[in-house]
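Colleague:
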Amino acid sequence: MSDRKPLIQVNRLKKHFPVFSQGFIKRQIDTIKAVDDVTFEVMQGETLGIVGESGSGKTTCARSILRALQPTSGEVWFEAKRGRIDLATTPERELKPLRQEMQMIFQDPFSSLNPRMTVGDIVGEPLIIHKLAKGKELEDRVVEILEKVGMRSEHRMRYPHAFSGGQRQRIGIARALIMRPSLVVADEAVSALDVSVQAQVINLLEDLQEEFKLTYIFVAHDLSVVRHICDRVAVMYKGKIVEMEETEALFENPKHPYTQMLLSAIPSPDPDIKMKPRRDLVESGWLPED
Ligand SMILES: Nc1ncnc2c1ncn2[C@@H]1O[C@H](COP(=O)(O)OP(=O)(O)O)[C@@H](O)[C@H]1O
Ligand SMILES: [Mg+2]
């Protein structure tokens, strides 16, 4: 990793949400520090995991980086095609072309795809919105990316309900990748899928990463998945990163008590304190027996 340049440098990023009183006169009575002073970088081609319990700030952090949320303060330096830029302070009108370079894959393939659009329209829509292709070229690019994610060209005529959860997630991935992004943020992207299907989608994400030279920020609460796919892992707790390490070092030798707690919370058939890979993931063939 050391020979690579950072794609993203996050510097002292904060996202605070005001909490208002109920009633006629709304007063701010509190502040939720969902992301509270985090600093880290993601190298080109790297997969960075963000883990932590529900409510620890993972999604808010990811969305603040992509400027789906306006950060309260801090910097998010992004190595864009046209140069290095601080996304946190980029004016809204200049963000649109940058958004092509950063895409998101969502958790729930059942609600994130418009049920009234065909798969072809769903996957091709970003190209239409950004006026990047139309007609035959649009169709060719839709077919090309569908095949890259393991779908068939005739699938583009059908509607999302005709597909399984794993296939829908492939459609969501195709929609993200048709923009040829450099950064892909996957927020609990496989959490809703069965374990065997998770394995297939994870393998697909790894293949696509290599083919398209993608950098991933992989948000997940399932540590087995994170251990498999991530190069480094940041552990979030109450809006802060409490520990950040190379994946194997973190799992072998967690230093922060919160990380130790998280790791020990993985259900394991073995009473031994040392974490074992999850049985079902070993049996489905994508975590090594140890
Ligand atoms: N739009 C919002 N308004 C107010 N509070 C929010 C908003 N989004 C998230 N939060 C709060 O921020 C904290 C972090 O949430 P989130 O980033 O969704 O955590 P995670 O993804 O780790 O489960 C939680 O306390 C959550 O309730
Ligand atoms: Mg979340």
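Residue numbers for the sequence shown follow the numbering used here, so the first one is 230 and each next one is one higher.
Glycine included, every Cβ here is placed at the ideal spot set by N, Cα and C.
In this structure, does DSSP put Gln-332 in helix, strand or coil?
Modeller: Gln-332 falls in the strand class under three-state DSSP.
Colleague: Are Gly-278 and Phe-447 touching if we call contact CB-CB under 7 Å?
Modeller: Going by C-beta atoms, Gly-278 is nearer than 7 Å to Phe-447.
Colleague: Skipping 5 residues on each side, what residues in its chain have a beta carbon closer than 8 Å to that of Leu-437?
Modeller: Once the five neighbours on either side are set aside, the close Cβ partners of Leu-437 are Lys-377, Val-378, Ile-402, Leu-406 and Leu-443.
Colleague: Could you tell me how far apart the beta carbons of Pro-389 and Arg-397 are, in whole angstroms, since I believe they sit closer than 8 Å?
Modeller: The Cβ separation is near 6 Å, so the contact holds.
Colleague: Between Glu-439 and Leu-433, what straight-line distance do the alpha-carbon atoms span, to the nearest angstrom?
Modeller: Whole-angstrom Cα-Cα distance: 10 Å.
Colleague: Considering only heavy atoms of ligand 1 and the C-beta of each residue, which residues fall inside 6 Å, strictly closer?
Modeller: Working through the chain, the matches are Phe-246, Ile-261, Ala-263, Gly-281, Ser-283, Gly-284, Ser-285, Gly-286, Lys-287, Thr-288 and Thr-289.
Colleague: Once the 5 residues before and after Lys-234 are set aside, which same chain residues still bring their CB inside 8 Å of it?
Modeller: Counting only Cβ-Cβ distances below 8 Å, and skipping sequence neighbours, we find Met-272, Gln-273 and Glu-308.
Colleague: Tell me whether Asp-265 is buried or exposed, calling it buried when 16 or more other Cβ atoms sit within 10 Å of its Cβ.
Modeller: Asp-265 is buried by the Cβ-count criterion.
Colleague: Is it the case that the stretch 241-251 contacts the stretch 412-431, given that we only count it when at least three CB pairs across the two stretches are under 8 Å?
Modeller: Contact fails: fewer than three Cβ-Cβ distances are below 8 Å.
Colleague: Assign Asp-265 to one of three DSSP states: helix, strand, or coil.
Modeller: Three-state DSSP puts Asp-265 in a strand.
Colleague: What are the start and end residues of the beta strand (DSSP E) that includes Thr-289?
Modeller: First-last for Thr-289: 287-294, but that is the alpha helix (DSSP H), not the beta strand (DSSP E).
Colleague: Could you give the DSSP three-state label for Lys-325: helix, strand or coil?
Modeller: In this structure, Lys-325 counts as helix in the three-state DSSP scheme.
Colleague: Keeping to the same chain, check which residues put their C-beta closer than 7 Å to that of Arg-374; ignore five residues upstream and five downstream.
Modeller: The sequence given here places Ile at residue 374; Arg does not occur at that position. Only Val-352, Ala-403, Leu-406 and Ile-407 meet the Cβ criterion.
Colleague: Please confirm if the stretch 465-475 is in contact with the stretch 253-267, defined as three or more CB-CB distances below 8 Å between the two stretches.
Modeller: Contact holds: three or more Cβ-Cβ distances are below 8 Å.
Colleague: Could you check if Gln-257 is buried or exposed, using at least 16 other CB atoms within 10 Å of its CB as the buried criterion?
Modeller: Per the 10 Å Cβ criterion, exposed.
Colleague: DSSP has Arg-300 in a bridge; who is on the other side?
Modeller: The question names Arg, yet the displayed sequence has Pro at residue 300. Note: Pro-300 sits in no beta bridge, so no partner.
Colleague: Using a 10 Å radius around the Cβ and a threshold of 16 neighbouring Cβ atoms, would you call Phe-253 buried or exposed?
Modeller: Counting Cβ neighbours within 10 Å, Phe-253 comes out exposed, since fewer than 16 surround it.
Colleague: Ile-458 and Thr-301: beta carbons closer than 7 Å?
Modeller: No, Cβ-Cβ distance for Ile-458 and Thr-301 is not below 7 Å.
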